[in-house]
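Take a look at the structure set out below.
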Amino acid sequence: LGAGTAALLAYLLQDKLPQVSATCFATPASADPALAAELAPYVTTVIVDTDMVPRLGPRSMHQLCKDVAAYPWRHMAMEDALIVKAKAITQLKKRAAALDAQYTGGKLGLWMDQARAKLDEW
């Protein structure tokens, strides 16, 4: 907000101090095109790389809203959930195998395999 205030203050002071100029960093889009043209002779705005503040206006906000609404959030969330689920199951299996080896000498895993085979037979 400081850069926008400095730009507008330089504009307001032109009648009393015509030599006033402002160099502003990342000035927000706070002027319409007509006012921006009036400010151009005595206001310089410096924008660093892809800073979004100076580029953020009604038109860009509307486009951002459209882009966010069109993004496949549900699909991406489902993919992420499946990845997390698979990792959790893998970790649980590793932990169960380690506990089985530590406390039963691997017999529990053998018993589970036998129980699954019997269930498959039924």
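Start counting at 1 in the sequence shown, then tack on 9, and there's your number in my numbering. Ideal Cβ placement from N, Cα and C applies to all residues, glycine included. As the structure is a computational prediction, the values presented were derived from the model and not from experiment.
Judging by CA-CA distance, which residue of the options is the nearest neighbour of residue i?
i   : options       : result
L10 : A38, K25, L21 : A38
P50 : P67, Y20, G66 : Y20
V55 : A35, L48, G66 : A35
Rounding to the nearest angstrom, what Cα-Cα distance links residue i and residue j in this structure?
i    : j    : result
W131 : G118 : 20 Å
D122 : V77  : 48 Å
K25  : C33  : 21 Å
D58  : A40  : 21 Å
P27  : T53  : 15 Å
G114 : D89  : 36 Å
L22  : V29  : 7 Å
T14  : L73  : 25 Å
R64  : A45  : 14 Å
Y80  : A95  : 25 Å
P42  : M85  : 39 Å
K116 : D129 : 20 Å
R104 : M87  : 26 Å
V62  : Y112 : 60 Å
I98  : P67  : 46 Å
L18  : M70  : 26 Å
I92  : L101 : 14 Å
If you follow the alpha helix (DSSP H) that residue i is in, where does it begin and where does it stop?
i    : result
T7   : Outside the modelled stretch of the chain, which goes from 10 to 131, sits residue 7, for which no answer is possible.
Y40  : According to the sequence shown, residue 40 is Ala rather than Tyr. Per DSSP, A40 belongs to no alpha helix (DSSP H) and is neither H nor E.
M70  : 67-79
A16  : 11-22
F120 : According to the sequence provided, residue 120 is Trp. The question's Phe does not apply to it. Counting along the chain, the alpha helix (DSSP H) containing W120 begins and ends at 116-130.
Counting along the chain, where does the beta strand (DSSP E) carrying residue i start and finish?
i   : result
T53 : 52-55
T32 : 31-34
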